[in-house]
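Q: What follows is a structure written as structure tokens; I'll ask about it next.
Protein chains in written order, with the working numbering: chain A, 36 to 511; chain B, 35 to 258.
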């Protein structure tokens, strides 16, 4: 059983993550590399910004007409011999998938990487029912052995050092010689390839996610670099793909537009090694491929997001760019968020999926620096959506009373400009005098969170409004 | 209420749409946004295809005519110290090549777990990213692209196109949907890889460790 940390304890989780030197080294390297590489990756495709705009248009149009495109997809999939299963929530999806596995007489299930399967805790359910479930993505396989969850959308095992992974392989692959070399990623990859080949061949059912559903053809699009997604959907007799409703796009051309920004945003590649568009089950005359194809279509809270401001988050293509760019993710790591999705996307999706009462601290964990929105290929206004969750948490009195009172007081004053200016002038004068000649504070009541790690500069030269009236720029 | 009706009903309420209401053609659909690198003369596109494929760690060998393919494949396998036994796609065009000029042992059919080398056709080469488009079907088993350690692809230079859209247009000339499409259409860009361990790029995870492209003939207008 893989247990998530508690989202309500984000601050404690993050503090523990800060003390983990291995994790900090891995996260700093990820963020530095991503930052340095981005100008080259983006600059190489002059049409990148235009493609982002187009991708936003595609998704906005699709979401506005979602019922039509899902019904179109369903009809074309049926034409290709595929079966569609509509599921409202995690428990319906789990039951549906187990039922398909049972009818197929399955004992071994091979799995491609799927965040939706994490969302519905599919593996635990299938294993509890007696099935042998094997993750085939290298990172996910390592995590399954270690009973951990992914900490990044596209680099699931980013939190682990190679020495930890080597130890895991030695612990679990006990049939192999104890002195085999496992020092480098290449030798570990080789070992995983060897072990997983047996599983691919033994699997009766293959389960994958889907990066996109194409309405006009009834196809799923699955992208991988390892090729595990393709072996998973081809070798077993039955292929089950799981996707949530917002994954659909109208046409093949629309999928191609999104492909041009997906890998670029995720890993900096032009395109992943394998991009497979699969349509239904094996055709007459095909020498290989699954005899049955099932698409499990899941809502799991998406229809609640469709109405209103949160619709924008349904454009997400799970590239992980916001995570790689976020300073809070870079300090806390993905696990601290306590849900399936960490980082800015997790701070917006977490309260929607788990309930705002169980995840309200996640949108609090942001300095609103805007990095996430700047890199998001789908231009999702992540900081704005986090702010909306903060409003909900405030209105439902979920956060600390002290914070709520302070914000309410500030709001009350901000609506009375004369009073606000007067108060600001008094406060600034007081802080300026108290700051004295040093001009900064080493500690201050109510500001220990700031002053514990750095000094607070004392204000200089009056309020912004006063200086504006005098025709001087602040800081001049 | 069925889950289907429930979900569709919730979507319609959230989007304010009536069941079966017409969907306006979106303005964006009037144009296709193809990057400039996906456009060019056939000569430019072939050169870009080769450069991009090599950047993705594929190797590319060029031969003048189809009859030169068998010897080029045999020479590649010998040069890499690879087995001279291969599983080949049961395509008529590949089968008609003069393989008897080589010492290769060939079997035509889907890949088995013991096959170390495969030889397949590709439907297209795509210049913008150096990708190959392969389709599943009776003459091109899908497993040949993934199970063997070494994947050799025979591609006609005249089948190199600029952009993904161009290759897809060939794949569905009449806008094929559903069962009229091959079960799978895959873009392959370089050999299998992962960077899941400390973000170190490692080649050959579950799919082939080597992707070798034999490009046959010249692009239209190519002189040398």
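Beta carbons are placed, not taken as given, at the ideal position from N, Cα and C, and that holds for glycine.
A quick note: this is a predicted structure, and the numbers were derived from the prediction, not measured.
Cα-Cα, which of A:246, A:344, A:135 is closest to residue 149 of chain A?
A: The residue labelled residue 149 of chain A in the question sits at position 114 within the first chain. Taking only the C-alpha atoms, the option nearest residue 149 of chain A is A:246.
Q: Classify residue 379 of chain A as buried or exposed, calling it buried when 16 or more other Cβ atoms lie within 10 Å of its own Cβ.
A: Within the first chain, residue 379 of chain A is the residue found at index 344, counting from 1. By the 10 Å Cβ count, residue 379 of chain A comes out buried.
Q: For residue 333 of chain A and residue 262 of chain A, what's the separation of their Cα atoms in angstroms?
A: The count along the first chain starts at 1 and reaches residue 333 of chain A at position 298. The count along the first chain starts at 1 and reaches residue 262 of chain A at position 227. Going from the Cα of residue 333 of chain A to the Cα of residue 262 of chain A covers about 25 Å.
Q: Could you check the C-alpha separation between residue 487 of chain A and residue 365 of chain A for me, to the nearest Å?
A: Along the first chain, read from residue 1 onward, the residue named residue 487 of chain A stands at position 452. Along the first chain, read from residue 1 onward, the residue named residue 365 of chain A stands at position 330. Computed Cα separation, rounded: 20 Å.
Q: Would you kindly report the start and end of the unbroken alpha helix (DSSP H) that includes residue 181 of chain A?
A: Counted from its first residue, the first chain places residue 181 of chain A at position 146. It spans 173 to 181 - the alpha helix (DSSP H) in which residue 181 of chain A sits, taken as one unbroken run.
Q: Do residue 168 of chain B and residue 138 of chain B count as a contact pair if the criterion is CB distance below 9 Å?
A: Numbered from its first residue, the second chain carries residue 138 of chain B at position 104. Numbered from its first residue, the second chain carries residue 168 of chain B at position 134. No.
Q: From which residue to which residue does the alpha helix (DSSP H) around residue 104 of chain A run?
A: Within the first chain, numbered from 1, the residue matching residue 104 of chain A stands at position 69. That run of the alpha helix (DSSP H) goes 101 to 114.
Q: With 8 Å as the C-beta to C-beta threshold (strictly closer), list the residues of the stretch 112 to 123 of chain B near chain A in chain order.
A: Residues of the stretch 112 to 123 of chain B with a C-beta atom less than 8 Å from some C-beta of chain A do not occur.
Q: Applying the criterion that 16 or more other CB atoms from any shown protein chain within 10 Å of the CB defines a buried residue, is residue 35 of chain B buried or exposed?
A: As a working note, residue 35 of chain B is residue 1 in the second chain. Exposed, since its Cβ has fewer than 16 Cβ neighbours within 10 Å.
Q: Taking only runs that begin and end inside the stretch 260 to 336 of chain A, name each unbroken beta strand (DSSP E) of 3 or more residues, in chain order.
A: 273 to 279, 309 to 313, 327 to 333
Q: Given that residue 70 of chain B touches chain A, what residues does it touch there, using C-beta distances under 8 Å?
A: Position 36 of the second chain, counting from 1, holds the residue named residue 70 of chain B. Within chain A, the residues near residue 70 of chain B are 81, 82.
Q: In whole angstroms, what separates the C-alpha of residue 84 of chain B from that of residue 391 of chain A?
A: Translated into the one-based positions of the second chain, residue 84 of chain B becomes position 50. Translated into the one-based positions of the first chain, residue 391 of chain A becomes position 356. Taken atom to atom, the span from the alpha-carbon of residue 84 of chain B to that of residue 391 of chain A is near 52 Å.
Q: List the DSSP bridge partners of residue 120 of chain A.
A: The count along the first chain starts at 1 and reaches residue 120 of chain A at position 85. According to DSSP, residue 120 of chain A bridges with A:331.
Q: Among the residues of its own chain, which have a CB less than 8 Å from the CB of residue 504 of chain A, if the five just before and after it don't count?
A: Here residue 504 of chain A corresponds to residue number 469 of the first chain, with the count starting at 1. Within the same chain, residue 504 of chain A has no close Cβ partners at all.
Q: Does the count of Cβ pairs from the stretch 59 to 70 of chain B and the stretch 89 to 104 of chain A closer than 8 Å reach three?
A: yes
Q: Between residue 239 of chain B and chain A, is any beta-carbon pair separated by less than 9 Å?
A: As a position in the second chain, residue 239 of chain B is number 205, starting the count at 1. True, the Cβ-Cβ gap to chain A drops below 9 Å.
Q: Just the chain A side, please: which residues come within less than 7 Å of residue 37 of chain B by C-beta, in chain order?
A: As a position in the second chain, residue 37 of chain B is number 3, starting the count at 1. Residues of chain A passing the Cβ test: 121, 122, 123, 127.
Q: 9 Å is my cut-off, CB to CB: does residue 223 of chain A come that close to chain B?
A: Position 188 of the first chain, counted from the first residue, corresponds to residue 223 of chain A. Yes, residue 223 of chain A counts as interfacial toward chain B.
Q: Could you give the DSSP three-state label for residue 398 of chain A: helix, strand or coil?
A: Residue 398 of chain A sits at position 363 when you count from the first residue of the first chain. If DSSP states are grouped into helix, strand and coil, residue 398 of chain A belongs with the helices.
Q: In terms of residues, what are the limits of the beta strand (DSSP E) holding residue 120 of chain B?
A: Taking the first residue of the second chain as position 1, residue 120 of chain B is located at position 86. Element bounds for residue 120 of chain B: 119 to 122.
Q: Of all the CB atoms in chain A, is at least one closer than 9 Å to the CB of residue 181 of chain B?
A: Residue mapping note: residue 181 of chain B aligns to position 147 of the second chain, counting from 1. Yes, residue 181 of chain B counts as interfacial toward chain A.
Q: Would you list the one or two residues that DSSP bridges to residue 247 of chain A?
A: By 1-based counting over the first chain, the position of residue 247 of chain A is 212. According to DSSP, residue 247 of chain A bridges with A:256.
Q: Any beta carbon of chain B sitting closer than 9 Å to that of residue 285 of chain A?
A: The count along the first chain starts at 1 and reaches residue 285 of chain A at position 250. Residue 285 of chain A counts as touching chain B.
Q: Mapping the DSSP letters down to three states, classify residue 47 of chain A as helix, strand or coil.
A: As a working mapping, residue 47 of chain A is identified with position 12 in the first chain. For residue 47 of chain A, the three-state secondary structure derived from DSSP is helix.
Q: Please indicate yes or no: does the CB of residue 331 of chain A lie closer than 8 Å to some heavy atom of the ligand ZN?
A: For the structure depicted, the ligand ZN is absent and the ligand set is empty, with no information on it obtainable.
Q: Work out the CA separation of residue 170 of chain A and residue 146 of chain A for me, nearest whole Å.
A: By 1-based counting over the first chain, the position of residue 146 of chain A is 111. By 1-based counting over the first chain, the position of residue 170 of chain A is 135. So the two alpha carbons sit approximately 5 Å from each other.
Q: Ends of the alpha helix (DSSP H) at residue 423 of chain A?
A: Here the question's residue 423 of chain A lines up with position 388 in the first chain. Note, residue 423 of chain A: alpha helix (DSSP H), 417 to 430.
Q: Ends of the beta strand (DSSP E) at residue 94 of chain B?
A: Taking the second chain and counting its residues from 1, one reaches residue 94 of chain B at position 60. For residue 94 of chain B, the enclosing beta strand (DSSP E) has its first and last residue at 93 to 97.
Q: Hey, would you say residue 87 of chain B sits closer than 9 Å to residue 94 of chain B, going by beta carbons?
A: Counting from one through the second chain, the residue named residue 87 of chain B turns up at place 53. Counting from one through the second chain, the residue named residue 94 of chain B turns up at place 60. Closer than 9 Å, so yes.
Q: Does the Cβ of residue 454 of chain A have 16 or more other Cβ atoms within 10 Å, making it buried, or fewer, making it exposed?
A: Taking the first chain and counting its residues from 1, the one referred to as residue 454 of chain A is at position 419. Looking at its Cβ environment, which holds fewer than 16 other Cβ atoms inside 10 Å, residue 454 of chain A is exposed.
Q: Per DSSP, residue 167 of chain B is paired with what?
A: Working through the second chain from its first residue, we reach residue 167 of chain B at position 133. According to DSSP, residue 167 of chain B bridges with B:158, B:221.
Q: Pick from B:40, B:234, B:224, B:134: whose alpha carbon is nearest that of residue 247 of chain B?
A: On the second chain, residue 247 of chain B is found 213 positions in, with the first residue counted as 1. If we check each option's Cα against that of residue 247 of chain B, B:224 comes out closest.
Q: Check distances from the C-beta atoms of the stretch 227 to 254 of chain B to those of chain A and list, in chain order, the residues that come in under 8 Å.
A: 227, 228, 229, 230, 231, 232, 233, 234, 236, 238, 239, 240, 241, 242
Q: Taking the alpha-carbon of residue 353 of chain A as reference, which of A:412, A:202, A:317, A:234 has the nearest alpha-carbon?
A: Here the question's residue 353 of chain A lines up with position 318 in the first chain. Residue 353 of chain A has its Cα closest to that of A:412, out of A:412, A:202, A:317, A:234.
Q: Taking the beta strand (DSSP E) that residue 203 of chain A belongs to, which residues open and close that run?
A: Mapped onto the first chain, residue 203 of chain A falls at position 168. Element bounds for residue 203 of chain A: not the beta strand (DSSP E) but the alpha helix (DSSP H), 197 to 207.
Q: Can the beta-carbon of residue 239 of chain B be found closer than 9 Å to that of residue 228 of chain A?
A: Here the question's residue 239 of chain B lines up with position 205 in the second chain. Here the question's residue 228 of chain A lines up with position 193 in the first chain. Yes, these two residues count as a Cβ contact at 9 Å.
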